[in-house]
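Accompanying notes for the structure given below.
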Amino acid sequence: MTIFEALRKDHDIQRDLLARLVDTHGDSDERDKLYQQVRAELHYHAAAEERALYIPMMSIDLTQEKARHSVAEHHEIDELLELLDETDYSATHWLTHAKQLQDLVTHHLDEEEQEVFQLAGRGLQDKQKTSLASEYQEEMQRQRSA
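Following full-length UniProt numbering, the residues of the sequence shown are numbered contiguously, the last one being 146.
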């Protein structure tokens, strides 16, 4: 498995959780459960992805700019999560913010899959692509079990 395949697998999980989240209503246990899952998955994924993919990409001239752009998008996602944390589940604008999060994350994932992965594929060596996948998966496992 390559780093790109490992990341795509988790991207699919994020897309599914976000789609289910924006279908929730009011201050419900379902909304809380899904939001906590989304929040955790996004946090774990960003940390592991930055270590396993973006740090190596930053050391390659060809991929450095894309890596920095993607890390900046992770910070935008964090800011939107902070806004959601501060908003009551029953507030009408909570769902508006959740949909903004879905749009931002979907844009980020699509950009990674359609642009970043192709560029990184040219910059990283084949052996590195599989070793980075293991590094990413180990970090995700560590974070999920912490």
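C-beta atoms are modelled at their ideal positions from N, C-alpha and C, and glycine is treated no differently.
As the structure is a computational prediction, the values presented were derived from the model and not from experiment.
Within 10 angstroms of the Cβ of residue i, are there 16 or more other Cβ atoms? Answer buried if so, exposed if not.
{"i": "Asp10", "result": "buried"}
{"i": "Thr63", "result": "buried"}
{"i": "Met1", "result": "exposed"}
{"i": "Lys66", "result": "buried"}
{"i": "Ala6", "result": "buried"}
{"i": "Lys129", "result": "buried"}
{"i": "Ala146", "result": "exposed"}
Suppose the cutoff is 6 Å on Cβ atoms and the five residues either side in sequence are ignored; what does the same chain contact list for residue i look like?
{"i": "Arg31", "result": "Thr24 and Tyr89"}
{"i": "Gln118", "result": "none"}
{"i": "Glu73", "result": "His108"}
With DSSP collapsed to three states, give me the class of residue i.
{"i": "His75", "result": "helix"}
{"i": "Thr24", "result": "coil"}
{"i": "Asp61", "result": "helix"}
{"i": "Ser90", "result": "coil"}
{"i": "Ala146", "result": "coil"}
{"i": "Thr2", "result": "coil"}
To which residues of the same chain is residue i closer than 8 Å at the C-beta, ignoring the five residues directly before and after it?
{"i": "Leu83", "result": "His97"}
{"i": "Ser28", "result": "Tyr89"}
{"i": "Leu17", "result": "Leu34, Gln37, Val38 and Glu41"}
If you measure from the beta carbon of residue i to each beta carbon in chain D, is any gap under 8 Å?
{"i": "His43", "result": "This model lacks chain D altogether, as it is built from one protein chain only."}
Am I right that residue i and residue j are in contact with their C-beta atoms under 8 Å? What's the rounded C-beta distance?
{"i": "Ile55", "j": "Tyr136", "result": "That pair is no contact at about 11 Å."}
{"i": "Arg8", "j": "Glu113", "result": "6 Å"}
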